[in-house]
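Residue numbers (the UniProt record's numbering): 1 to 236.
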């Protein structure tokens, strides 16, 4: 059964006790197991229902696929500086992580794992960027809180997430669930759309071809950095 715990200090405390030297999915599974005792049974059912609804919507299946051309984009980083995909690609391949926001403990574990893998990614010539619909202020909070040394971009309105086939709008039940766990999306994202991206990871080569795409409507599932590193080595 899927479970969740409210975001905030409790989630941070639980996450901070999870070793960083185990695979990312094992970290997330450990977090879920440890957090289960804090989750009311009704909330757990609501999370299960939300994930089932996302799976049935087909949003993951509509996302950008391997061998397709990645849409170019320009987005502001946490300090408001514009970053353009095609410009980043002049330096080498680009790894893009679409994450939900700083309120999401699974996203935070994912970002932590990719930060740890950053030296290996850079050795293979790749640039790592993370994208969420949060405002730049919340992106900056994410970057500072987790001491991220890679670019964190603000996709206000999920414009880029939509171009990559990841954006979806929460229904009323989804809005209530996220409000219950402290994810006030209008505050975090700066609009009233209640839209999020399905978490996704893409490896894009210098021709803007997607060489690796991992998208899952179950937000407990994330791609381990080792898979990206392995594919990068194949590109050499």
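By construction, the Cβ of each residue, glycine as well, lies at the ideal position given by its N, Cα and C atoms.
These numbers were taken from a predicted model, which means no experiment stands behind them.
query	result
Please list, in chain order, all residues of the same chain as residue 113 whose beta carbon is under 6 angstroms from its beta carbon, the five residues on each side excluded.	24, 225
Are residue 133 and residue 156 closer than 8 angstroms when you measure CB to CB?	yes
Hey, would you say residue 131 sits closer than 8 angstroms to residue 79, going by beta carbons?	no
Measuring CB atoms only, is the region 59-77 touching the region 164-175, in the sense that at least three cross pairs come out at less than 8 angstroms?	yes
In the structure shown, what three-state DSSP assignment does residue 211 receive?	strand
When we look at the beta-carbon of residue 16 and count the other beta-carbons within 10 Å, is it buried (16 or more) or exposed?	exposed
Applying the criterion that 16 or more other CB atoms from any shown protein chain within 10 Å of the CB defines a buried residue, is residue 4 buried or exposed?	With a pLDDT of only 43 at residue 4, under the threshold of 50, the placement of this residue in the model should not be trusted, and no figure is reported.
Consult DSSP for residue 133 and reduce its assignment to one of helix, strand or coil.	coil
The beta strand (DSSP E) that contains residue 179, what's its start and end?	That residue, residue 179, is in no beta strand (DSSP E); its alpha helix (DSSP H) goes 172-180.
For residue 69, write down the residues that DSSP places opposite it in a beta bridge.	209
Going by C-alpha distance, which of 235, 216, 228 is nearest residue 248?	Residue 248 cannot be examined here, being either before or after the span of the chain that is shown, 1 to 236.
Taking residue 61 as part of the beta strand (DSSP E), name the residues at either end of that continuous run.	Neither: residue 61 is in no beta strand (DSSP E) and is coded neither H nor E.
Give me the Cα-Cα distance between residue 38 and residue 236, rounded to the nearest whole angstrom.	46 angstroms
Please classify residue 108: is it buried, with 16 or more other beta-carbons within 10 angstroms of its beta-carbon, or exposed?	buried
To which residues of the same chain is residue 93 closer than 7 angstroms at the C-beta, ignoring the five residues directly before and after it?	125, 126, 203, 204, 205, 206, 232, 235
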